[in-house]
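When you line the sequence shown up against full-length UniProt numbering, it's residues 1 to 306, in that order. Glycine is no exception: its CB is placed at the ideal position from the N, C-alpha and C atoms. So the structure is just underneath, and the comments pick up after that.
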Amino acid sequence: MKRIQNPDTVALMLAGLLLASAIVVILWGERTVAQAKVRAPILQSGEGNGIPVAEHASFAPDDVIWSDPGSDAAGNTWIFELFTPPVIYYNRSTGRFTVTPPQALRRGPDSDDDPFNNLTELVAAEPFGVSLVGVSRQPFRLQLVGYAGEPGDYMGIFQNEETGEAFVARAPIEPPGLNLQVRTIEVRREDLVVPDSMPLREIVAVAEVWDAQTERRMRLSSAGWQWTEAPAALIRVDGLPELQTVRSGDRVNAAGITFEIQSVGGLPESVTIRKLHPDGTHETVTIHPETSPSPPIEGDSPFASS
Numbered sequence: 001m002k003r004i005q006n007p008d009t010v011a012l013m014l015a016g017l018l019l020a021s022a023i024v025v026i027l028w029g030e031r032t033v034a035q036a037k038v039r040a041p042i043l044q045s046g047e048g049n050g051i052p053v054a055e056h057a058s059f060a061p062d063d064v065i066w067s068d069p070g071s072d073a074a075g076n077t078w079i080f081e082l083f084t085p086p087v088i089y090y091n092r093s094t095g096r097f098t099v100t101p102p103q104a105l106r107r108g109p110d111s112d113d114d115p116f117n118n119l120t121e122l123v124a125a126e127p128f129g130v131s132l133v134g135v136s137r138q139p140f141r142l143q144l145v146g147y148a149g150e151p152g153d154y155m156g157i158f159q160n161e162e163t164g165e166a167f168v169a170r171a172p173i174e175p176p177g178l179n180l181q182v183r184t185i186e187v188r189r190e191d192l193v194v195p196d197s198m199p200l201r202e203i204v205a206v207a208e209v210w211d212a213q214t215e216r217r218m219r220l221s222s223a224g225w226q227w228t229e230a231p232a233a234l235i236r237v238d239g240l241p242e243l244q245t246v247r248s249g250d251r252v253n254a255a256g257i258t259f260e261i262q263s264v265g266g267l268p269e270s271v272t273i274r275k276l277h278p279d280g281t282h283e284t285v286t287i288h289p290e291t292s293p294s295p296p297i298e299g300d301s302p303f304a305s306s
């Protein structure tokens, strides 16, 4: 007759076997790790098939000697200290950025028409010598600020912008010293454009004026200022104590150097200047204001179309 084992006894025996197996596996793993930590003997020089091996080896971080940084394709000058922002220059003649002050190439006496032939001497590039303060359009030299009289016999109230004098006159009239002829004066209703609002219909005086300087017909209105077509630039020139107001075509001389005003732009503000050196060379640069002013409110800018 077979003896029936108690289930609890069987479970206990199985647990014991599993525990014994786990202990054996752990002990075997620790022995393997201990053997792996044992260093292989360091061979002396000349041993081991004739391969020279150092007698002592140290890999401490303090023993590492870092080499100096090498230059890249741009050259040795493009190397900076860590966390030190570099100073970058722009060379106008080459159109490239550099980390050294721009230099100009002086052509030799035997150079031909090739601008890059016989460039033998490096000379330090000088500052251009002009900075732009701002650009504005000047008011026309005669303004119509109002009217007087009655229908059929209106007179205009004018203001001379060059002298500040105001006068009342009928057409036709030629104000002295202005090279202008006021041909007609009339009073009528016109729609006035107001920014962000509906047009207003008001009574204004309008004068037709002939400008003998530009040989053009101008229209003056008491509703607003009349501006010149060409803007004017206010520039600062090295060597001159005062600011200069210039227009396209003007010239400014300072310290033997002539600056020709090629063009004056209003939107955006800029001035293109040609610098003529005493040796006959020249360079042309477009200059913008050092600080950009806040944009004008629509309708208040003299550059806005009227």
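Item                                                                                                                          : Value
Cut-off 7 Å between Cβ atoms - residues of its own chain near residue 8, not counting five sequence neighbours on either side : none
Limits of the beta strand (DSSP E) - the one that residue 313 falls within                                                    : Examination of residue 313 is not possible in this model, given that the chain is present from 1 through 306 alone.
Nearest neighbour of residue 268, chosen from 164, 261, 231 [CA to CA]                                                        : 231
Option nearest residue 240 by Cα separation, candidates 256, 228, 249                                                         : 256
Sufficient close CB pairs (3 or more, under 8 Å) joining the segment 281-292 to the segment 131-144                           : yes
Beta-carbon spacing of residue 248, residue 262 below 8 Å                                                                     : yes
Start-to-end residues for the beta strand (DSSP E) that takes in residue 337                                                  : Missing from the structure shown is residue 337; the chain here goes from 1 to 306 and no further.
Bridge partner(s) assigned by DSSP for residue 258                                                                            : 253, 276
Under the three-state DSSP convention, the category residue 19 falls into                                                     : helix
Alpha carbon of residue 233 to alpha carbon of residue 282, nearest angstrom                                                  : 21 Å
Cβ distance (whole Å) where residue 270 is taken to contact residue 147 below 8 Å                                             : Rounded, the Cβ-Cβ distance is 39 Å, inconsistent with contact.
Residues near residue 149 by beta carbon distance below 6 Å, same chain, minus five either side                               : 155
Residue 191 in three-state terms, based on DSSP                                                                               : strand
Residue environment, residue 141, which counts as buried when at least 16 other CB atoms sit within 10 Å                      : buried
Spatial neighbours of residue 185 in its chain, beta-carbon cut-off 6 Å, leaving aside the 5 residues before and after        : 154, 156, 171, 207
Distance CB(residue 160)-CB(residue 213) smaller than 8 Å                                                                     : no
Classification of residue 278 by the beta-carbon crowding that lies within 10 angstroms, buried from 16 upward                : exposed
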